[in-house]
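Residue numbers (my numbering): 7 to 517.
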């Protein structure tokens with residue numbers, strides 16, 4: 007039921023992209039100088055900002071609160087957009103559709119996906135891929151519905167189109183808010199908790215709630231962070247370390263920086279090139295507008311298939327090869343980016359053939375990167391930080407779409423201009439493929455003191471961490487911890503440095 011309602015939620019919020027079909031009708035209503043695409047770009051920017059800043063609050067308040075707030079904002083925004091159409095107020099259209107609906111979209115996206123990631127630790131890739139594909143499917147279905155409504159009676163349909171969507175969205179999204187919830191403390195799948203830690207190694211949830219969450223203690227594995235124990239050799243130890251990461255550590259890690267760069271680059275073709283392919287097809291290739299629309303529909307479907315296939319492949323690699331989840335997903339993501347770069351290189355000579363398989367390869371790989379990123383982020387930074395980190399990385403998509411959207415009117419649609427854009431995209435994606443080297447999923451590199459990068463089992467970069475001479479108290483605690491506890495011991499440290507030990511050596515209560 008959790009997966010189903012997340013899929014439905016994605017289908018509902020996908021409606022916001024289908025309103026592009028209203029462009030000619032909005033021009034007729036507000037004047038030829040008005041462009042509905044600018045209202046949509048405002049909504050996209052609001053989505054990115056909401057997703058970036060709402061993560062910690064949504065994690066603290068839970069999915070029901072986040073889904074409820076997002077549902078109300080999304081629906082009220084659409085109802086205000088309907089009022090703007092009726093009274094012919096462009097500023098009200100920007101406030102309703104551009105701001106409120108966009109913010110609600112961002113909150114609903116993060117709340118639903120971050121909740122879903124907690125419930126399926128064994129098939130994170132497949133489940134999130136299918137649900138994200140629901141957004142593209144929803145966009146297509148809503149667009150078909152709107153097209154049929156506008157063909158029968160354009161002016162009349164425009165007077166209730168936003169209201170119908172907003173009303174239906176409110177009912178369905180509030181139902182989703184009632185269903186979506188955080189897994190209970192006793193939740194497990196195939197012998198693993200939501201962090202993917204074996205139940206035999208998981209701590210008492212009552213202990214974690216009382217000593218960690220309720221009194222704001224820091225969960226630190228001093229023994230495992232000691233240089234003599236820098237080799238994290240099992241998935242259990244890896245996920246224990248990931249679970250203990252703080253949000254600040256995740257945000258300011260070099261791994262997230264390079265992952266952000268690579269993800270942004272992988273989306274470049276879909277964000278930069280596809281929005282103008284319709285003009286290129288009609289102006290340069292002398293195709294009909296219907297040919298351009300058909301091509302975009304095929305590319306949208308191909309991208310949606312990629313959103314499902316890539317994360318599914320990563321799940322299969324994890325299960326068949328018993329691979330570390332973060333390593334497996336990084337490998338599949340790298341393959342997607344590398345193949346995308348290769349396809350872009352071929353596309354420079356074949357872009358005029360809209361039926362070429364190279365087009366399908368580019369879109370499938372771009373969709374694959376988009377689909378795999380939620381599960382990759384979760385395996386790298388933990389389920390507690392997944393919502394915030396996913397929201398932050400989604401800002402790249404929003405900002406990119408806004409920048410491109412405002413630049414497109416000033417960009418000339420010529421054969422030379424298209425060739426230059428393809429060359430630039432090829433260079434960007436090739437650079438991104440190379441930079442994947444610096445996205446570290448090797449446990450030894452990630453959790454060693456300082457910075458370390460290993461390639462082909464050889465350490466190529468090692469920068470030791472600096473020791474703060476004033477932090478004598480915490481150093482003394484760390485030394486005691488290392489000398490008195492096993493590697494799989496965690497310590498709950500209060501602000502006044504009271505020390506509590508939870509060991510797994512005899513009681514299987516490791517945290």
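All C-beta atoms in this analysis are idealised placements derived from N, C-alpha and C, irrespective of residue type, glycine included.
State buried or exposed for residue i, treating a residue as buried only when at least 16 other CB atoms are found within 10 Å of its CB.
i           : result
residue 233 : Per-residue confidence for residue 233 stands at a pLDDT of 45, beneath the threshold of 50, marking its modelled position as unreliable; no derived number is given.
residue 321 : buried
residue 256 : buried
residue 192 : exposed
residue 119 : buried
residue 235 : Residue placement at residue 235 is poorly supported in this model, since its pLDDT is 44, which falls under 50; the coordinates still yield a value, given next. Answer is buried; the Cβ neighbour count reaches 16.
residue 363 : exposed
residue 109 : buried
residue 446 : buried
residue 296 : exposed
residue 449 : buried
residue 258 : exposed
residue 451 : buried
residue 306 : buried
residue 65  : buried
residue 371 : buried
residue 131 : buried
residue 420 : exposed
residue 294 : exposed
residue 326 : exposed
residue 134 : buried
residue 347 : buried
residue 431 : buried
residue 456 : exposed
residue 519 : The chain is shown only over 7 to 517; residue 519 falls outside these bounds and no answer can be derived.
residue 511 : Bear in mind that the predicted position of residue 511 carries a pLDDT of just 42, short of 50, making it unreliable; the figure below should be weighed with that in mind. Answer is exposed; the Cβ neighbour count stays below 16.
residue 331 : buried
Tell me, please, which residues DSSP counts as bridged to residue i.
i           : result
residue 464 : 461
residue 136 : Partner(s): none; residue 136 has no beta bridge.
residue 469 : 457
residue 323 : Answer is none; residue 323 lacks a bridge partner.
Does the distance from the C-beta atom of residue i to that of residue j stay below 8 Å?
i           : j           : result
residue 264 : residue 386 : no
residue 69  : residue 121 : yes
residue 438 : residue 271 : yes
residue 335 : residue 381 : yes
residue 112 : residue 60  : yes
residue 406 : residue 58  : no
residue 349 : residue 368 : yes
residue 99  : residue 87  : yes
residue 388 : residue 313 : no
residue 15  : residue 163 : no
residue 94  : residue 36  : yes
residue 273 : residue 366 : no
residue 105 : residue 145 : no
residue 424 : residue 290 : yes
residue 152 : residue 22  : no
residue 551 : residue 102 : This structure does not reach residue 551, given that the chain is present from 7 up to 517, and the question cannot be answered.
residue 269 : residue 379 : yes
residue 127 : residue 195 : yes
residue 278 : residue 168 : no
residue 50  : residue 404 : yes
I believe residue i touches residue j by the beta-carbon criterion, under 8 Å. Please report the beta-carbon distance rounded to the nearest angstrom.
i           : j           : result
residue 316 : residue 338 : 6 Å
residue 353 : residue 428 : 6 Å
residue 6   : residue 19  : Lying outside 7 to 517, the shown extent of the chain, residue 6 is not represented and no answer is given.
residue 11  : residue 185 : 5 Å
residue 13  : residue 140 : 4 Å
residue 81  : residue 176 : 4 Å
residue 62  : residue 302 : Incorrect: roughly 37 Å between the Cβ atoms, too far for contact.
residue 360 : residue 287 : 7 Å
residue 436 : residue 461 : The pair is not a contact, with the Cβ atoms about 19 Å apart (cut-off 8 Å).
residue 31  : residue 147 : Contact doesn't hold; Cβ gap of about 20 Å is too wide.
residue 400 : residue 383 : Not a contact, Cβ separation roughly 10 Å.
residue 154 : residue 92  : Residue 154 to residue 92, Cβ: 22 Å. No contact.
residue 72  : residue 117 : 4 Å
residue 453 : residue 282 : The Cβ separation is near 45 Å, so there is no contact.
Does residue i come within less than 8 Å of chain D when only Cβ atoms are used?
i           : result
residue 361 : Protein chain content of the structure displayed is limited to a single chain, and chain D is not contained in it.
Exercise for the section: Report the residue ranges of all alpha helix (DSSP H) runs contained in full by the stretch 423-459; include only those spanning at least 4 residues, in chain order. Expected result: 449-452
Practice task
Counting only runs of 4+ residues fully inside the stretch 337-396, write out the alpha helix (DSSP H) ranges in chain order.
Solution key: Counting only runs of 4 or more residues that sit fully inside the stretch 337-396, the alpha helix (DSSP H) segments are 363-387, in chain order.
Handout entry: Ordered list of alpha helix (DSSP H) runs contained in the stretch 262-303, each at least 4 residues
Key = 283-289
Problem - alpha helix (DSSP H) runs wholly inside the stretch 33-95, at least 4 long, in chain order - result: 42-67, 69-93
Handout entry: Whole runs of the alpha helix (DSSP H) within the stretch 127-186, excluding any shorter than 4 residues
Key = 130-158, 160-164, 167-185
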